[in-house]
Structure formats: C-alpha cells, structure tokens
Ligand SMILES: [Zn+2]
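In this note's numbering, the protein residues as written are 1 to 398.
Next up, the structure:
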C-alpha cells in the first residue's frame, strides 16, 4: 500500500481570448468524436457485430476526416481525439461489464453523449502538452497561463484541460507522489453515513454538513426553476444558465473542501476507518434521500480512501446484509427492526442505552475489523451473524 501513488493536481488556468477559441474547437471536436464512438458502438452492438478498438478509432477519426461533414476534425491536434476515443471506450466497457455483472458496486448507466452546454474537457498525454517555464503548452493552442497554487510533486504524465459551464478553465495533472506515513495510532473508527449529519462516528461524534451547503442548494434549486422557464435561445436563458453553473460550482467547492477536511481529520486520528459500502447503504434509504446525499457520501469516501493511502492508514468498506441498527453493538443481540423515528433505545438483553447512529457506527467498526481479519482467508464474506459474534468476543476480551 505504501510507496508511490498516482494523484491529480488541479490548477486554474487563464487562456487568452484566442486560446479560448482554439480550445473551444478542440472541445467541440473531442465531443463529436466521443459521441460518434458511442453511436458506432451502439450500432454494432444492436447489429450483434463485434468491432475492434482500432477499427472504431479508424472510422471515427481517420475515415471521418475525409468526409465533408467531419473534415474540420483535421484542424485540431489528433492526440485529443485519440484520447476521446479511449474515454468513450472505457465508458462503454464499464457499462458493459456492469451489465454482465463483472463489475462491483452500483449499476452503471449507458454512457450519455457529451453535451455542448455541459462541462467540456480534453485529455492529453505527453505528446500533446508540455510545461514551458511556468506555462502549460497545449498542442495547436499555445502557452497558457497557470495559477500555480502549489508546486507539482513530479513531472505529470497527462493533463485534462477543463472548461466549466460557468466559464472557468482548469488543468488537472496526473502525477506520481510519494506516500508519507503518519506515526501509528491505536485508535480505529467506524462511520455511519447519515442525512441529518454527514456522518456519525463510533466515538459518538456527529459531523454535520456545512450550513452554507443547505442555503446554496436551496438557491441552486430556485435558479434551476428559473432556467427551465426561460425561452430557448434567449439572452435571459443564457444568463440563467450561467447563474446555475456558478451556484453549482459553489456547492461543489464547499462540499469538496468539507470532505477533504473531514477525511483528513478522521485519517489522522485513526489507524483504520471503516464505512458501509455505498451500494449497500443506498438500499436502506429512500430514493429521494439517497439522491440528495449520495454525491456527498461517495465524495467523502473517496477522500478518506485517498488520504488513507497517502498517510499509510487503512480504509475498509463493509458490505452489510442486514441493517446494523437492529443489532446491539454491546452484546450482539438482534432485537428486530426499528422505525427511523426511533433515535434512541435501550437493549432489552444487556441494558445498554443506544443512540441509533452511534450504535450503527460501532457495528460498522466491528464488522470492518472482522472483515479485515478474514481478508487473508478464502475470500468469502462472513455473514453478519459471524461478524457480530466476533465483535462480541473482541469486546469481552478487551
Ligand atoms: Zn445489548
């Protein structure tokens, strides 16, 4: 786990007006190539035909360039088009593997075509970009000014140039970074993902979402309603769309910042952090609640995973089969389902008073420890009963 890891470093960039036009052309071409790839693969899939990756690329780039409808593809750097093909291939393959059950986690939807008004991006490998002094050289676009908010830890292997719908540009570099293990800690934590609070830990701490997120989300919903009422193609609609994009960015930035801080604290304080698997957690919540909180949860878990790898800690996802709120974390007795409104209860068997979320977090901690101990076994996931039994022994031994 320790050693060199691959991470992304993102910076805001400031392309000059001429460079913005050049980028707009590459974005447009990459988008068309991406969408053509999806359409071609769909057509072959529907016809029951197999098509090789090189043949897809040949048809949507090389052959397409010779047609009058796609001749303009020749005006931009082909490295961005080749990467668009590969992005489409990966998106298609992920969906296909998910259909065939070869992929863990939640079901993946059919990849959607890229839209003109959404976030635009191109990915470039070493032959499509370079660092010229403090500037980012992009093939056929030129040297772009970068706001270096922190130094790059190593020479980047690739870069994604992004234009957000609110008009800001970013460069996201893939770099290698050495992991920096922290001194060992003897604490471990389980975390329960919640709606009222972002998470509740097995130590009984509740970490709420930042208040700003709620106000901003409300404002965003209102702006989206306004946008939907504006007439297609009007100046008012363009302005409303920009406002939605700005609010989107603010919500995204606040959420990410909070996730980073929360994750850092959890990883610094604990040798191991365990959370429930989101695919499983999602089943236990209503669809609406899930859609509201889902983005925040998966982002937080990604942050914890990344920081755990960086600082030499353990992060484990626990797959559960039954709601852990039914099990007493002190004695392991299962005393049946409790409605969501029940926030506190006392175990009939051992008399321990429980907070619903803290009890769930404690059960996640116990299950996480048990899964970790079993990890070197035959790979078969222990059933919850076994996990709870082991947790019981742990506790009485301690
Ligand atoms: Zn009990």
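Glycine included, each C-beta is placed from N, C-alpha and C at the ideal position.
Query	Result
Does residue 350 pass the burial test, meaning 16 or more other C-beta atoms within 10 Å, or should it be called exposed?	exposed
Compute the distance between the beta-carbons of residue 11 and residue 148, then report whether it is under 8 Å.	yes
If you follow the alpha helix (DSSP H) that residue 260 is in, where does it begin and where does it stop?	235-269
Ignore the nearest five residues each way along the sequence and tell me which others in residue 300's own chain have a CB closer than 6 Å to its CB.	259
Flag this pair as yes or no: are the beta carbons of residue 177 and residue 154 separated by less than 8 Å?	yes
What ranges does the beta strand (DSSP E) occupy inside the region 69-96, keeping only unbroken runs of at least 3 residues that lie completely in it?	none
Which residues bound the alpha helix (DSSP H) around residue 316?	Per DSSP, residue 316 belongs to no alpha helix (DSSP H); it is in the beta strand (DSSP E), 314-318.
Using alpha carbons as the reference points, say which of 317, 261 and 144 lies closest to residue 277.	317
Going along the chain, which residues of its own chain have a beta-carbon closer than 7 Å to the beta-carbon of residue 174, five neighbours each way excluded?	6, 8, 156, 157 and 158
From the DSSP secondary-structure annotation, give me the bridge partner or partners of residue 158.	125 and 174
Cβ of residue 333 within 7 Å of any heavy atom in ligand 1?	yes
Look at residue 33 and residue 56 and say whether their C-beta atoms are less than 8 Å apart.	no
Taking DSSP's pairing of strands, which residues face residue 272 in a bridge?	188 and 314
To the nearest whole angstrom, what separates the beta carbons of residue 121 and residue 161, a pair I think is in contact under 8 Å?	7 Å
Between the Cα of residue 251 and those of 232, 272 and 218, spot the shortest distance and give me the residue it belongs to.	218
Have a look at residue 234 and residue 220 and give me their C-alpha separation to the nearest angstrom.	20 Å
Under the assumption that residue 140 contacts residue 22 (Cβ atoms under 8 Å), give the Cβ distance between them as a whole number of angstroms.	7 Å
With a 10 Å radius around its C-beta and 16 neighbouring C-beta atoms as the bar for buried, classify residue 63 as buried or exposed.	exposed
Can you tell me whether residue 361 sits near ligand 1, meaning its C-beta is under 7 Å from at least one heavy atom of the ligand?	no
Would you check if the distance between the CB atom of residue 91 and the CB atom of residue 136 is smaller than 8 Å?	no
Quick one: is the Cβ of residue 254 within less than 7 Å of any heavy atom of ligand 1?	no
Check whether the region 355-367 and the region 329-344 are in contact - that is, three or more C-beta pairs closer than 8 Å.	yes
Give the straight-line distance between the Cα atoms of residue 274 and residue 202, rounded to the nearest whole angstrom.	10 Å
Could you spell out the range, first to last residue, of the beta strand (DSSP E) harbouring residue 10?	4-14
Could you check what DSSP says for residue 117 in three-state terms: helix, strand or coil?	coil
Restricting to Cα atoms, I'd like to know which of 205, 84 and 244 is closest to residue 225.	244
In whole angstroms, what separates the C-alpha of residue 78 from that of residue 237?	34 Å
Going by alpha carbons, who is nearest to residue 340 out of 353, 325, 348 and 354?	325
Judging by CA-CA distance, which residue of 315, 129, 231 and 334 is the nearest neighbour of residue 371?	315
For residue 201, list the residues DSSP reports as bridge partners.	191
Could you tell me whether the Cβ atoms of residue 403 and residue 368 are closer together than 8 Å?	Outside the shown range of the chain, which is 1 to 398, sits residue 403, and nothing can be said about it.
Expressed to the nearest angstrom, what Euclidean distance is found between the alpha-carbon atoms of residue 97 and residue 41?	15 Å
Taking the continuous beta strand (DSSP E) assigned at residue 136, which residues delimit it?	135-138
Grab me the residues of residue 216's own chain with a C-beta within less than 7 Å of its C-beta, minus the 5 sequence neighbours each way, in chain order.	247, 250, 251 and 254
Should residue 413 be listed as close to ligand 1, given that the test is whether its C-beta is under 7 Å from any heavy atom?	The displayed coordinates of the chain run from 1 to 398. Any statement about residue 413 would go beyond what the structure contains.
Going along the chain, which residues of its own chain have a beta-carbon closer than 8 Å to the beta-carbon of residue 95, five neighbours each way excluded?	108, 109, 110 and 111
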